[in-house]
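Visitor: Its first residue numbered 329, the sequence shown is counted upward by one per residue in this note's numbering.
All C-beta atoms, glycine included, are put in the ideal place defined by N, C-alpha and C.
Sharing a structure with you now.
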Amino acid sequence: MSTHAKRIFSGIQPTNGLTLGNYLGAMKRFVEIQEQDAEAIYCVVDLHAITQPQKRSDLLHNTRELTAAYLASGIDPSRSILFNQSGVAEHAELGWILGCTARVGWMNRMTQFKDKAGKNAEAVSLGLYSYPALMAADILLYHATHVPVGDDQKQHVELTRDIAMKFNNDFDAKDFFPIPEPLIDGPAPRVMSLRDASKKMSKSDPSDQSRINIRDDADTIVKKIKKATSDAEPLPSEEDGLKDRLAAKNLVSIYAALAGVSKADVLAEFGGQGFGVFKPKLAELAADSLAPISTKIAEYMDDPAEIDRILQDGAARARSIAAPILDQVYDIVGFLPRRK
Ligand code: TYM
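See below:
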């Protein structure tokens with residue numbers, strides 16, 4: 329595996345099922361990257377999930393269901409490493425060490441914490457606040473070079489870069505941690521809510537109408553797209569014409585990402601047509617794209633023991649990369665050698 333120049337790491341939280349935003353901004357990209365034959369490590373980040381309250385049974389179910397979604401979307405555990413974060417204790421250990429490198433001033437700038445904590449910042453968990461240091465540990469523990477994420481995680485990857493540079497500097501460790509690059513590409517790095525195109529499509533939006541869930545059935549998908557906010561104008565023929573039309577831009581981006589084409593290609597086909605024509609085509613494309621994934625998720629979920637086996641095997645392989653790197657961190661920091 330180490331013959332690859334690039335090492336990819338990314339993760340998704342096992343909370344409330346995947347949205348079309350997670351799928352287009354992350355999962356579909358992960359599969360494309362795997363096809364480019366990069367060395368890729370994909371994680372079900374269960375330690376991150378508990379930064380907000382989780383019922384035991386939900387966490388267990390969501391961990392297995394997200395794994396099933398990775399497999400159903402095309403992640404092949406014999407080519408990529410697929411594992412759950414709590415299965416490799418080194419994440420938590422490095423998370424602590426990097427929490428001592430990160431500065432409180434840096435954490436205070438994290439917009440996702442502000443959004444998630446809302447007016448209740450005093451009452452949320454300490455873990456929610458320190459979470460970006462754990463995310464930095466996830467990435468740096470593997471000396472990952474590239475991190476495919478949606479646009480909303482860009483700030484956390486930038487923080488990871490700052491933490492890596494400060495650690496290398498503070499401990500005179502030169503280039504010990506490579507400085508990872510965010511990979512934020514594809515036509516839909518930020519899928520917006522179907523009800524309010526100024527807001528991100530999110531699992532936590534109280535309105536189910538605002539999002540498409542990867543396991544929604546065809547009928548539900550068609551209804552949600554039909555009701556999605558749009559405008560009265562026909563679609564433009566050039567991308568420039570989408571500039572001030574957030575809802576139209578969102579729907580065109582979704583179409584492009586699902587079809588695997590560019591926004592320009594979509595506009596070349598639909599420019600001049602209204603939403604009366606475009607929406608049914610989009611709904612059909614979304615339903616046809618997600619149906620086989622839903623079916624496969626259900627099949628994988630029929631055999632939870634097999635899912636657990638895949639995660640355990642992935643965790644053992646992940647650990648074989650992570651453990652020697654954490655051994656070196658111990659040495660760099662001045663801890664006695666780790667017990668084998
Ligand atoms: P999470 O679980 O919130 O989201 C998983 C991935 O989905 C992307 N995403 C979106 N992309 C486009 N449009 C949207 N509306 C949308 N909503 C979510 C996210 O950007 C993300 O790529 N902190 C991370 C998980 C994580 C991680 C890591 C990622 C933990 N450790 C290390 C990369 C590397 C998170 O909460 O993602």
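Out of 412, 639 and 499, which has the shortest C-alpha to C-alpha gap to residue 428?
Guide: 499
Visitor: Quick one: give me the first and last residue of the beta strand (DSSP E) that residue 338 is part of.
Guide: 335–340
Visitor: Report all residues from its chain with a CB closer than 8 angstroms to the CB of residue 479; omit the five preceding and five following residues, and keep chain order.
Guide: 353, 512, 517 and 518
Visitor: Quick one: what does DSSP say residue 387 is sitting in, helix, strand or coil?
Guide: helix
Visitor: Give a single yes or no on whether residue 313 has its beta carbon closer than 8 angstroms to a heavy atom of ligand 1.
Guide: For residue 313 there is no data in the structure shown, the boundaries of the chain being 329 and 668.
Visitor: Residue 591: which of 397, 622, 626 and 515 sits nearest, CA to CA?
Guide: Out of 397, 622, 626 and 515, the CA that lies nearest to the CA of residue 591 is found in 515.
Visitor: Indicate whether residue 562 and residue 600 have their beta-carbon atoms separated by less than 9 angstroms.
Guide: Judged by beta-carbon spacing, residue 600 lies within the 9 angstroms limit of residue 562, meaning their Cβ atoms are closer than that value.
Visitor: Whole angstroms are fine: how far does the CA of residue 521 sit from the CA of residue 338?
Guide: 23 angstroms
Visitor: Shorter than 8 angstroms, the distance from the beta carbon of residue 428 to the closest heavy atom of ligand 1, or not?
Guide: no
Visitor: 9 angstroms is my cut-off, CB to CB: does residue 439 come that close to chain C?
Guide: The structure shown contains no chain C; it holds only a single protein chain.
Visitor: Have a look at the DSSP bridge pairing and note the partners of residue 368.
Guide: Residue pairing from DSSP places residue 368 in a beta bridge opposite 336.
Visitor: Give the range of the beta strand (DSSP E) segment to which residue 509 is assigned.
Guide: Residue 509: member of the beta strand (DSSP E) spanning 509–511, first to last residue.
Visitor: Out of 585, 431 and 627, which one is the CA nearest neighbour of residue 348?
Guide: 585
Visitor: I'd like to know whether the C-beta atoms of residue 408 and residue 374 end up nearer to each other than 9 angstroms.
Guide: Taking 9 angstroms as the Cβ cut-off, residue 408 and residue 374 do not qualify as a contacting pair.
Visitor: Could you tell me the distance, in whole angstroms, from the CA atom of residue 370 to the CA atom of residue 401?
Guide: 13 angstroms
Visitor: Here's a check: name, in chain order, each residue in its chain whose Cβ is nearer than 6 angstroms to the Cβ of residue 344, leaving out the five neighbours to either side.
Guide: So the list reads 531, once near-sequence residues are dropped.
Visitor: Three or more C-beta pairs under 8 angstroms: does that hold for the segment 605–624 against the segment 547–566?
Guide: yes
Visitor: I'd like to know if the segment 439–449 and the segment 388–404 are in contact, where contact means that at least 3 CB-CB pairs between them fall below 8 angstroms.
Guide: No contact exists between the segment 439–449 and the segment 388–404.
Visitor: Run the CB neighbour count on residue 633, radius 10 Å, all protein chains shown included, and call it buried at 16 or more, exposed below.
Guide: exposed
Visitor: Is it buried or exposed for residue 545, if we count other Cβ within 10 angstroms and need 16 for buried?
Guide: exposed
Visitor: Report whether the distance from the Cβ of residue 405 to the nearest heavy atom of ligand 1 is below 8 angstroms.
Guide: no
Visitor: CA-CA distance, residue 330 and residue 624?
Guide: Reliability of the predicted coordinates at residue 330 is poor, the pLDDT of 47 falling under 50, and the value obtained from them is presented with this limitation in mind. Near 31 angstroms, if we compare the C-alpha coordinates of residue 624 and residue 330.
Visitor: In terms of DSSP beta bridges, what is residue 347 paired with?
Guide: 541
Visitor: By alpha-carbon positions, which one of 606, 381, 364 and 641 ends up nearest to residue 451?
Guide: For the options 606, 381, 364 and 641, the alpha carbon positioned closest to that of residue 451 is the one of 381.
Visitor: Measure from the alpha carbon of residue 357 to the alpha carbon of each residue in 476, 534 and 615, then state which is nearest.
Guide: Checked all of 476, 534 and 615; the closest Cα to residue 357 is 476.
Visitor: Given 8 angstroms as the limit, tell me if residue 640 has its C-beta closer than that to any heavy atom belonging to ligand 1.
Guide: Taking non-hydrogen atoms of ligand 1 into account, the C-beta of residue 640 is found less than 8 angstroms away from none of them.
Visitor: Please state whether DSSP places residue 442 in a helix, a strand or coil.
Guide: helix
Visitor: Anyone know if the C-beta pair for residue 417 and residue 628 falls short of 9 angstroms?
Guide: No.
Visitor: May I have the straight-line CA-CA distance separating residue 568 from residue 351, to the nearest angstrom?
Guide: Looking at the two C-alpha atoms, the distance is approximately 26 angstroms.
Visitor: Between residue 486 and the rest of its own chain, which residues show a CB-CB distance below 8 angstroms, the 5 nearest in sequence each way excluded?
Guide: 510
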